[in-house]
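Novice:
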Amino acid sequence: MTDRPDPRTAGGEPSFSLFFFSDDRERSKEAGYHLVLEAAKFADAEGFDSIWVPERHFNKFGAPYPNPAVLAAGIATVTERVGIRAGSVVVPLHHPVRIAEEWAMVDNLSRGRVGIAAASGWSPGDFFLSDADYGRRREETFERIDTVRALWRGGPVDVRTPGAREGAGEQLLRTTYPRPVQPELPTWIATVGTRETWVRAGECGYHVLTALVATTLDDIAGHVRAYREARARSGHAPEAGRVTMMIHTFLGPSETEVRATVHEPLVQYIETHISQASGHPDAPDAAGKRSLAEFAFERYYTHNGLFGTPETALPVVDRLLAAGVDEIACLIDFGVEDEAVLQGLPYIGMLRKSALERHGEGSGD
């Protein structure tokens, strides 16, 4: 596997990225993707590792992001060096050929800066887009991403879609076009779930994209150990695998100001997330959702996010790195007004600089 080596092993430095995932605020047509593009320009100029954009369907939660390749192409045209990542492609919803073709286009537009995280999907309602079996979506993810990577290298590949009806797509396809710039497609497996997925990602030589959702840093540390052990058993350099942590982030000049700015947007964000379970018979009513969201806000703000000032957030970074995280992907689009988000980006830059001084090459760590 020739994916880019982890920067902390190559250069002794943790890396920081910006992550888009969930914004459901209505914008004017003029505003469009202003936040994404301006944040990408900032990340490009300030030495951040990557920009991550998601795939979401049929819900206000993540409404701006049905096709990460299209948005990634736009980012490629306004940046020069920052990595451009899909976080994630819901792989079972797509034919492997389409994934390989679309992302090869972006790889050319960006001159070799793309990577994708492969997700299995979670909403059964999304799967009418594909012939994939929802019950086999995790297996489908690994099968299809293997095909994508083989197509990326140039084939030959049997392009029958895994799970397709008998006899469909028997053709052998040797080459997809355009040919990508990178000889290998940097690939992550997206998981917030079981140890088994981490281990399989390690066995396959993939990176991992995860989040602090219904888990703890102690759990993450255990997953990372199992992941690196699986890489070693399967002949992949253990430390070459990158663990990327998506984490809600908003920093500013004072703790009081930041808390006041993020409280209502983050509570509403959590309520929206809870509402996705509203079809369940045990789903809470409106008052119950608000109560749960307020409770969850305290957990997010105190333990599961980077909030406050660069100084107060640095110990959280220390704990993430101690757990084995290599890349901190700062999720910034959870409902805070665009201009406030953009004004907060320099404070994330300050946090990045402090982390590099503490943990980077020559720091003595």
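The opening position of the sequence shown corresponds to residue 520 in the numbering used here, with each subsequent residue numbered one higher.
Every residue, glycine too, gets a C-beta built ideally from N, C-alpha and C.
Computed from a prediction, not measured in an experiment: that's the story for all the values here.
Expressed to the nearest angstrom, what Euclidean distance is found between the alpha-carbon atoms of Val609 and Ile664?
Specialist: 10 Å
Novice: Determine the extent of the alpha helix (DSSP H) in which Ser873 is found, giving its start and end residues.
Specialist: Asp857 to His878
Novice: Considering only C-alpha positions, which residue in the set Asp845, Glu774 and Gly863 is nearest to Tyr820?
Specialist: Glu774
Novice: Assuming Phe853 contacts Ser541 under a Cβ cut-off of 8 Å, what Cβ separation, rounded to an integer in Å, is found between them?
Specialist: That belief holds up - the Cβ atoms of Phe853 and Ser541 are roughly 6 Å apart, short of 8 Å.
Novice: Distance check for Asp677 and Ala868, CA to CA, integer angstroms please.
Specialist: Residue identity differs from the one stated: residue 868 is Gly in this sequence, not Ala. Computed Cα separation, rounded: 46 Å.
Novice: Touch check for the stretch 774 to 790 and the stretch 745 to 762: three-plus C-beta pairs under 8 Å?
Specialist: no
Novice: Following the continuous beta strand (DSSP E) through Ile603, name the residue where it begins and the one where it ends.
Specialist: Gly602 to Val609
Novice: Could you tell me which residues DSSP puts in a beta bridge with Val572?
Specialist: Ala605
Novice: For His799, which residues of its own chain have a beta-carbon under 6 Å away from its beta-carbon, when the five flanking residues on both sides are left out?
Specialist: The predicted model places His799 with a pLDDT of 47, which falls under 50 and marks its position as unreliable; any figure quoted below should be read in that light. The answer is none, since no qualifying residue turns up.
Novice: Start and end of the alpha helix (DSSP H) containing Val844?
Specialist: Here Val844 belongs to no alpha helix (DSSP H), and DSSP marks it neither H nor E.
Novice: Could you have a look at Leu731 and say whether DSSP puts it in helix, strand or coil?
Specialist: It is coil, neither helix nor strand.
Novice: Could you work out which residue in Ala709, Phe661, Leu839 and Arg752 is closest to Asp737 when comparing CA atoms only?
Specialist: Leu839
Novice: How would you label Tyr866, buried or exposed, when you count the other beta carbons within 10 angstroms and need 16 or more for buried?
Specialist: buried
Novice: Which of the three DSSP states, helix, strand or coil, is assigned to Val711?
Specialist: coil
Novice: For the pair the stretch 708 to 728 and the stretch 829 to 836, tell me if three or more CB-CB distances fall below 8 Å.
Specialist: no
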